[in-house]
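All you need for our numbering is the position in the sequence shown, starting with 1, plus 11. These notes are about the structure you will find just below.
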Amino acid sequence: MNNQNLLKIRSALISLFHKEPAKEIILKLYKEGVTLYSTGGTLDYIKSLGLEATAVEDITDYPSVFGGRVKTLHPKVFGGILYRRENEKDLAELEKFQIPPVDLVMVDLYPFEETVKKDASHQEIIEKIDIGGISLIRATAKNYQHTWIIPSSEYYSVALELLNQQGAATNLEQRKEYAVAAFGVSSHYDTTIFSYLNNKPESVFRKSYNRSETLRYGENPHQKGFFFGNLGEVFTQFHGKEISYNNLLDIDGALSLISEFDEPTFAIIKHTNACGVASREKIADAWKAALASDPVSAFGGILIANRNIEQDSAYEINELFFEVILAPDFSPEALDILKQKKNRIILKINSFPKQQQYFRSAINGVLAQSANLADTPKESWEIASHKKPDDGVSEDLLFANKLVKHTKSNAIVLARNKQLLGSGTGQTSRVDALKQAITKAKEFGHQLQGAVMASDAFFPFADSVEIAHKEGIKAVIQPGGSVRDKDSIDFCNENNMTMVMTGVRHFKH
C-alpha cells in the first residue's frame with residue numbers, strides 16, 4: 012500500500028443511522044485528536060461514549076428543522092468538505108465565511124431498502140429516503156483529492172484497520188478507492204428508490220446489486236465469470252468446492268422446476284434441463300424413480316429435492332457421482348454420508364427466488380420480460396378431444412406440462428405415473444424433439460404404452476400426434492393455437508386418444 016503523501020485527518024463529520032457498529036472508529040478518531048462534528052442522535056451517541064463533539068447546528072447557526080429533514084444541508088457544512096485545498100480563492104472564502112474544514116465524512120444512510128422489505132407503509136418508506144446523508148457522500152467522494160468518505164457500515168472494519176495501521180491519515184489511492192465505493196453506495200441507493208416508485212418498468216432498465224462474487228471462470232475456462240446478488244438468501248453451503256458459473260445456471264433451473272411441485276419430488280438437472288424427475292409419497296422412492304428416468308445423463312448432474320434428505324436416501328444417492336445436491340435440509344447422518352466426497356456441493360435451500368422479471372444481454376442492449384409464472388390447473392384446460400382424461404391421466408398430464416415448461420425449446424416430455432420417461436430438448440423441429448424423447452425412453456427400458464405427451468408449443472401438423480400414437484401414447488397436452496389444430500384433434504378422435512389444450516405456450520430459449 013502506498014503510504015507516501017499521506018494527508019492528515021484533523022476533522023470528521025459523522026452522521027449515522029446505526030450508531031453502535033461505528034463505536035471503535037469513533038473512539039480511534041478521538042484518540043488520534045480528530046475534531047468530531049455531528050448532529051441529532053449521532054451527536055448524542057458520541058457524547059454517551061464520554062467524548063467531546065461539536066454540534067453541526069453550532070457551525071451553521073441554524074437549527075435542525077422539519078422534524079430532522081434538514082440538518083446538514085448548509086454551505087458551512089458542504090463548503091468545509093468541497094473546498095479545494097490548493098485553490099487560493101477557495102481558501103480565502105473559507106476564511107472569510109468562517110467555514111471549518113472537514114477531512115473525513117462517515118455516513119450510514121437511512122435503511123430505505125430494508126424498510127421496503129419489511130412491507131412498511133408508503134409514508135414510512137418515503138421518510139426513509141435519505142437526503143442529507145446521500146449529499147454528504149457525493150460531496151466527499153467528489154473531492155477525494157482532499158477528503159475521505161466512509162460511505163456505509165459495510166466499510167467500517169476495513170476503515171478501522173487502515174486507521175490502526177497508519178493513524179488518522181490517508182493517501183490519494185485509498186481516498187479514491189473509497190470514493191468509488193461511495194458512488195456505488197449512492198447509485199444503488201438511488202436505484203432502489205427509483206425501482207420502488209417507478210410503476211413503468213418498461214421505461215428504463217436500471218438494476219443494482221451490492222454483492223458480487225468472482226467465479227472460477229464463466230461457461231468455459233477462457234471466459235471470466237461473476238455473480239451479482241446474495242446467494243446466502245437462497246441457500247447455505249454445507250460442504251464442497253466453490254460453486255461455478257455453470258453450477259449456478261443449473262441450480263437456477265433446478266429451483267425453478269422443483270418450486271412447481273407440492274408433493275414429494277426429486278429432480279436431476281443437466282445443462283438446465285431435467286433428465287430425471289419423479290413424484291412419490293416418499294422422497295426416497297422419488298429419488299429411485301428420478302434416477303431411473305435416465306441414469307446415464309444423471310452422472311455429474313445437479314440433484315434437488317423438495318423434502319429433507321434422510322439417511323436411507325443418502326446411502327443410495329451417494330453411489331452416484333454428481334456435482335450439487337439441494338434440499339430443504341439434511342439429517343446429520345445424511346450429511347456425514349454425502350460429505351464423503353470432498354468436492355461435492357451440498358446446499359440447504361433457504362428460500363425460493365421470486366423473480367418477477369428476467370433479463371439477458373442481447374445485441375447491444377438488454378432483453379427483459381416478465382417471469383413465466385403461468386399456472387394451468389386442470390380446471391382451466393380445454394378438453395379438445397371426445398375422450399376425456401380420467402384422474403390418473405390428468406395427474407400425469409399436469410406433471411408432464413410442469414416439466415415441459417422448464418425444458419429448452421423445441422421441447423417434448425413423455426411421462427407416466429408421475430415419472431419422466433424421456434424428453435426431447437432444444438430441437439429445431441417438434442418431430443425431432445419427439446423422436447429424441449422416444450429414443451431416450453426406450454434406451455432405458457421405459458414402456459410408452461399408456462404414457463402421456465406434453466409439448467411446449469402447438470403442433471403445426473398432425474405428424475407428432477401420429478408418431479406418439481404408434482408408440483402407445485394415449486394422451487397429449489399442448490397449448491393449441493395452430494391454424495391446423497383440427498388435424499391433430501381429428502386424429503385423436505379417430506384413434507381414441509385424449510387431447511387437452513392449455514392456451515399457454517412455454518417457449519424457453
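We treat Cβ as the ideally placed atom computed from N, Cα and C, and that holds for glycine.
{"Item": "What whole-angstrom Cβ distance do T276 and S290 have, given they're in contact under 8 Å?", "Value": "4 Å"}
{"Item": "Evaluate L431 with the Cβ neighbour count: other Cβ atoms within 10 Å of its Cβ, from every protein chain shown; 16 or more gives buried, anything less gives exposed.", "Value": "buried"}
{"Item": "Along the chain, where does the beta strand (DSSP E) containing W298 start, and where does it finish?", "Value": "Element bounds for W298: not the beta strand (DSSP E) but the alpha helix (DSSP H), 294-304."}
{"Item": "Could you check what DSSP says for D402 in three-state terms: helix, strand or coil?", "Value": "helix"}
{"Item": "Let me know the secondary structure DSSP gives M12 once reduced to three states.", "Value": "With a pLDDT of 47 at M12, under the threshold of 50, the predicted position of this residue should be treated as unreliable, though the coordinate-derived value follows. In the structure shown, M12 sits in coil (DSSP, three-state: anything other than H, G, I, E or B)."}
{"Item": "Just how far apart, CA to CA, sit T181 and V169?", "Value": "13 Å"}
{"Item": "Which whole-angstrom value is the C-beta distance of I484 and S396, which I expect to be below 8 Å?", "Value": "Their Cβ separation, rounded to whole angstroms, is 13 Å, which puts I484 and S396 out of contact at 8 Å."}
{"Item": "Is S417 near A285, with beta carbons less than 8 Å apart?", "Value": "One detail in the question is off: residue 417 reads as His in this sequence, not Ser. A contact, by the Cβ cut-off of 8 Å."}
{"Item": "To which residues does DSSP link I160 through a beta bridge?", "Value": "V116"}
{"Item": "If you compare alpha carbons, which of S255, P86, E188, L242 is closest to E230?", "Value": "S255"}
{"Item": "When you compare each of G456, N257, G251 to A238 by their alpha carbons, which one comes out closest?", "Value": "Looking at the sequence itself, residue 238 is Phe, so the reference to Ala does not match. Of the listed residues, the one whose Cα sits closest to F238 is N257."}
{"Item": "Considering only residues of the same chain and omitting the five flanking positions on each side of M12, which have a CB-CB separation below 6 Å?", "Value": "For M12, the predicted model reports a pLDDT of 47, less than 50, meaning its position is unreliable; a value from the coordinates is still stated below. Result list for M12: empty, nothing under 6 Å."}
{"Item": "Using 8 Å for Cβ pairs, my map puts Y155 next to A190. What's the rounded Cβ distance?", "Value": "4 Å"}
{"Item": "In three-state terms, what does DSSP make of V215?", "Value": "coil"}
{"Item": "Hey, D467 and K413: beta-carbon distance below 8 Å or not?", "Value": "no"}
{"Item": "Residues in the same chain with beta-carbon distance under 7 Å from Q447, minus the five sequence neighbours each way, listed in chain order, please.", "Value": "G435, Q438"}
{"Item": "Could you check whether S214 and T202 sit closer than 8 Å to each other, using their CB atoms as the reference points?", "Value": "no"}
{"Item": "Taking 8 Å as the cut-off, decide whether the C-beta atoms of L337 and I394 are in contact.", "Value": "no"}
{"Item": "What is the residue span of the beta strand (DSSP E) that S466 lies within?", "Value": "463-466"}
{"Item": "In whole angstroms, what separates the C-alpha of G251 from that of L349?", "Value": "10 Å"}
{"Item": "Whose C-beta lies closer than 6 Å to the C-beta of T65 among residues of the same chain, with five residues either side of it excluded?", "Value": "Y48"}
{"Item": "What is the DSSP secondary structure of N507, reduced to helix, strand or coil?", "Value": "coil"}
{"Item": "Per DSSP, A24 forms a beta bridge with which residues?", "Value": "For the sequence presented, residue 24 should be read as Leu rather than Ala. In the DSSP output, where bridge partners are listed per residue, L24 has Y48, V116."}
{"Item": "So F249 and K359 are supposed to be a Cβ contact under 8 Å. How far apart are they, rounded?", "Value": "6 Å"}
{"Item": "If you follow the alpha helix (DSSP H) that L1 is in, where does it begin and where does it stop?", "Value": "There is no way to answer for residue 1, as the model of the chain reaches only from 12 to 520."}
{"Item": "Thinking just about the alpha-carbon of each residue, which of E97, L425, I136, A486 is nearest to the one in L208?", "Value": "I136"}
{"Item": "Taking DSSP's pairing of strands, which residues face A444 in a bridge?", "Value": "Answer is none; A444 lacks a bridge partner."}
{"Item": "Whole angstroms is fine: what's the gap from D101's alpha carbon to L93's?", "Value": "9 Å"}
{"Item": "I think I478 touches L425, with their Cβ atoms under 8 Å apart; what is that distance to the nearest whole Å?", "Value": "The pair is not a contact, with the Cβ atoms about 11 Å apart (cut-off 8 Å)."}
{"Item": "Quick one: measure Cβ to Cβ for S308 and K281, integer angstroms, because I've assumed they're closer than 8 Å.", "Value": "5 Å"}
{"Item": "Can you give, in chain order, each stretch of the alpha helix (DSSP H) that sits fully within the segment 52-80 and has at least 4 residues?", "Value": "67-71"}
{"Item": "Tell me L431's beta-bridge partners as DSSP assigns them.", "Value": "A426"}
{"Item": "How many Å lie between V487 and S197 at the Cα?", "Value": "54 Å"}
{"Item": "Along the chain, where does the alpha helix (DSSP H) that runs through S223 open and close?", "Value": "Premise fails: S223 lies in the beta strand (DSSP E), 223-225, not in any alpha helix (DSSP H)."}
{"Item": "If I follow the unbroken alpha helix (DSSP H) through V307, where does it start and stop?", "Value": "Careful: V307 lies outside any alpha helix (DSSP H) and carries neither H nor E."}
{"Item": "Quick check on the burial criterion: 16 or more other C-beta atoms within 10 angstroms. Buried or exposed for Q458?", "Value": "exposed"}
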